[in-house]
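S.K.: Which chain is which? The protein sequence lines are S and V, in order. Mapping of the first sequence onto our numbering: position 270 corresponds to residue 286, and the numbering continues sequentially without gaps. Mapping of the second sequence onto our numbering: position 37 corresponds to residue 94, and the numbering continues sequentially without gaps. Glycine residues also receive a C-beta, built at the ideal position from the N, C-alpha and C atoms. All figures in this text were calculated on a predicted structure; none of them were measured in a lab.
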Amino acid sequence: MVRYRKFKQVIRKRQSSGALKYQLLEAIKNINRYKFVNLSSLISIIIIFFILSSFLLFMANINKFVSSLSSKASMVVYLKKSLNKGVLENLSKKILTIRGVKELKYVSEEEALSDMKNTLGKNAIIFNALLKNPLPASLEIRLEKVGKSKLKDKRAVARIATLISNMTGVDEVDYGYKIIDIIIKAVNIIRITFIGVLLILSFFTILLLTNTLKLTLLARKNEIDIMKLIGATNWYIRFPFLIEGVALSSLGCVLSLGLLWILFNIILQRLEIYALISPALVFLSWKYCFGVLMFSLFFGFISSYIALYSLFRQR
Amino acid sequence: MIQLYDIFKSFDHLTPALTKISIKFNSGEFVIIYGPSGAGKTTLLKLIYRDLLPEKGSLLFNGENIVKMPIRKIPYYRRNIGFIFQDTKLISNKTIFDNISIMLRICELPEEEVYRKTNNILSFMNLSHKKSLFPYQLSQGEQQKIAIARSIVNGPKLLLADEPVLDLDRELTVEIMNLFHNINKNGTTILFVTNQETLVEKYIHLPNKIVQLENGKIQKIQTSN
């Protein structure tokens with residue numbers, strides 16, 4: 017906090033003296049002056065963020081796939097025979113008031129038979145021998161998406177099923193326990209993996225960026241030493257380097273996202289089976305790209321700070 | 058202005074560089090410190106500049122003991138002192154103008170003042186026409202003049218010169234010595250270090266004080282009016 021206040025003081029003082037403009041220009045000039053060192057740093061940063069963004073792209077697509085699966089989370093309520101209209105309407109209203117129920121659809125006995133015949137195709141002939149329709153009418157219930165709703169575990173789904181099965185006119189409730197269970201487990205595992213890998217990647221990103229920026233700083237150690245000797249404060253020296261670190265990191269991030277976008281499109285074009293992949297593969301949304309850019313700014317700042325700190329501590 | 062009391066400094070606690078150094082330098086004085094290589098001259102300047110710390114003794118600058126000065130105050134303390142290094146220490150990728158003006162930018166002076174003062178000092182040194190060049194494009198003597206310009210551009214109270222005329226030809230040495238004389242006449246205290254005894258003999262009329270150092274000890278102090 018004290019350091020942050022000090023940083024703000026430095027900025028304010030520099031704004032008033034015109035030194036801020038000079039140091040910003042110096043930072044840009046320095047990127048050009050140390051082209052070779054900065055280019056190698058930039059390449060390392062591009063590689064780091066390419067790996068990070070590729071991982072995010074993979075995760076975004078997995079999340080989308082899981083989300084589309086979870087939207088299929090449904091429940092079928094089989095109704096008792098010869099239910100009158102009033103009871104059915106009352107039952108529908110009651111079910112819709114339950115938390116976690118998104119919508120419901122009434123499937124009559126005739127519709128159920130027709131659906132069954134369609135599913136069986138040629139084998140549907142067996143139904144012709146029957147004198148009476150054996151299939152009951154039902155209510156198909158769509159539950160809220162697993163990822164976004166209050167339906168966080170299978171117990172919540174089971175609770176809804178119990179509630180409905182105790183209502184008047186309900187014969188049996190089938191809620192596809194296994195598929196919901198698998199979806200919930202998959203979502204949780206993917207999320208935990210995502211957070212874990214993101215943390216590990218973040219750690220390595222900072223480590224690699226710090227070492228890369230340290231190389232840039234070491235190439236200019238002589239300049240830093242002279243500045244210190246002639247009375248420059250640590251913040252005066254650090255400031256352009258922090259700007260450079262942030263600029264390099266964000267530039268590397270933008271380039272890596274661009275590279276990933278090009279590669280993603282090339283791969284998509286080559287994948288003939290693309291049309292068969294459901295749901296369709298998507299690139300990172302603007303929100304994700306903005307998030308990665310913000311990460312790069314943060315990583316650039318933190319890594320430059322650590323690199324500078326370790327260099328300054330040596331004296 | 059500067060008072061040293063019983064200063065002891067060694068390297069690796071084995072080789073004493075300075076022993077029992079007690080001396081006073083008054084404001085506005087021109088002091089020549091001379092002695093052979095390894096006598097402890099540069100170490101003495103570095104102690105005053107707070108680049109090194111003594112193991113024993115105290116060092117007062119305008120009454121403040123700089124040995125006990127907190128690290129965060131050192132840059133501000135150094136801004137009162139100009140230091141001309143043996144190897145000039147110019148920044149190779151900055152132009153002559155930027156090498157001089159950096160001293161003023163560090164002090165966070167407004168841009169107009171930075172330009173005015175830097176141009177003034179360049180004219181004073183007769184180097185205005187070289188302000189866009191880089192250090193490697195200048196001769197050794199010109200580089201030394203730029204180092205002097207940088208050290209005096211912000212009007213320091215004290216100027217420490219570590220063998221500034223070493224390896225310079227006679228003509229340039231005369232020019233630089235005259236420059237020091239003029240700087241001193243403007244009220245700046247100068248501690249001028251050299252290992253050339255002939256130089257001391259030649260410019261004996263310039264200093265108020267001549268200090269002879271040998272094996273880390275003061276051998277002789279000569280004062281004149």
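(1) Determine whether the Cβ of S:Arg49 lies closer than 7 Å to any Cβ atom of chain V.
(2) Quick check on DSSP: helix, strand or coil for S:Lys166?
(3) Using a Cβ-Cβ cutoff of 7 Å, what residues of the region 246–259 of chain S are near chain V? List them in chain order.
(4) In chain order, what residues of the same chain have a beta carbon less than 8 Å from the beta carbon of V:Ile141, not counting five sequence neighbours either side?
(5) Quick check: is the beta carbon of S:Ile59 nearer than 7 Å to any beta carbon in chain V?
(6) Run the CB neighbour count on S:Ser272, radius 10 Å, all protein chains shown included, and call it buried at 16 or more, exposed below.
(7) Which residues in chain V have a C-beta closer than 7 Å to the C-beta of S:Ile242? List them in chain order.
(8) Listed in chain order, which residues of the region 311–326 of chain S have Cβ atoms closer than 9 Å to some Cβ of chain V?
(9) Which residues in chain V sit within 8 Å of S:Tyr38, going by Cβ to Cβ distance?
(10) Kindly indicate which residue of V:Ile80, V:Leu184, V:Asn252, V:Glu86 has the alpha-carbon position closest to the one of V:Asp63.
(11) Between V:Ser84 and V:Met126, how many whole angstroms is the CB-CB distance? I'm expecting something under 8 Å.
(12) Measure from the alpha carbon of V:Ser196 to the alpha carbon of each residue in V:Leu147, V:Val124, V:Gln60, then state which is nearest.
(13) Within the present structure, is the beta-carbon of V:Arg136 separated from the nearest heavy atom of the ligand GTP by less than 6 Å?
(14) Suppose contacts are defined by Cβ-Cβ distances below 7 Å. Is S:Asn250 in contact with S:Phe328 by that definition?
(15) Quick one: using the 10 Å Cβ neighbour count with 16 as the cut-off for buried, is V:Pro192 buried or exposed?
(16) Apart from the five residues on each side of it in sequence, which residues of its chain come closer than 8 Å, Cβ to Cβ, to V:Arg233?
(17) Would you decide whether V:Ser94 is buried or exposed? Buried here means 16 or more other CB atoms lie within 10 Å of its CB.
(18) Since V:Pro264 meets chain S, which of its residues come closer than 7 Å, beta carbon to beta carbon?
(19) For S:Ser165 and S:Met91, I'd like the C-alpha separation in whole angstroms.
(20) So which residues on chain V does S:Glu381 lean against when the C-beta distance must stay under 9 Å?
(21) Less than 7 Å between the beta carbons of V:Arg49 and S:Gly247, yes or no?
(22) What is the DSSP secondary structure of S:Thr249, reduced to helix, strand or coil?
M.R.: Let's see:
(1) yes
(2) Low local confidence applies: a pLDDT of 43 at S:Lys166 is under 50, so the model's placement there is unreliable, with the coordinate-based value given in what follows. Three-state result, S:Lys166: coil.
(3) Ile246, Gly247, Ala248, Thr249, Tyr252
(4) Gln201, Ala204, Ile205, Ser208, Leu216, Leu217, Ala218, Asp219, Pro221
(5) no
(6) S:Ser272 should be labelled buried.
(7) Lys146, Ile148
(8) none
(9) Arg162, Glu168
(10) Here the closest residue by C-alpha is V:Ile80.
(11) About 20 Å; that fails the 8 Å criterion.
(12) It is V:Leu147.
(13) The model depicted lacks the ligand GTP and carries no ligand whatsoever.
(14) yes
(15) Under this definition V:Pro192 is a buried residue.
(16) Arg is not the amino acid found at residue 233 of chain V; the sequence shown has Ile there. Result list for V:Ile233: Gly198, Gln201, Lys202, Ile205, Pro221, Val222, Leu225, in chain order.
(17) exposed
(18) Here the premise fails: no neighbours, minimum Cβ distance about 25 Å.
(19) Note that S:Ser165 has pLDDT 47, beneath the 50 cutoff, so the model's placement of it is unreliable and the number below is only indicative. Distance between the alpha carbons of S:Ser165 and S:Met91: 16 Å.
(20) Look at the range of chain S in this structure, 17 to 331, and you will see that residue 381 of chain S is not part of it.
(21) This structure leaves residue 49 of chain V out entirely; chain V is present only between 58 and 282.
(22) coil
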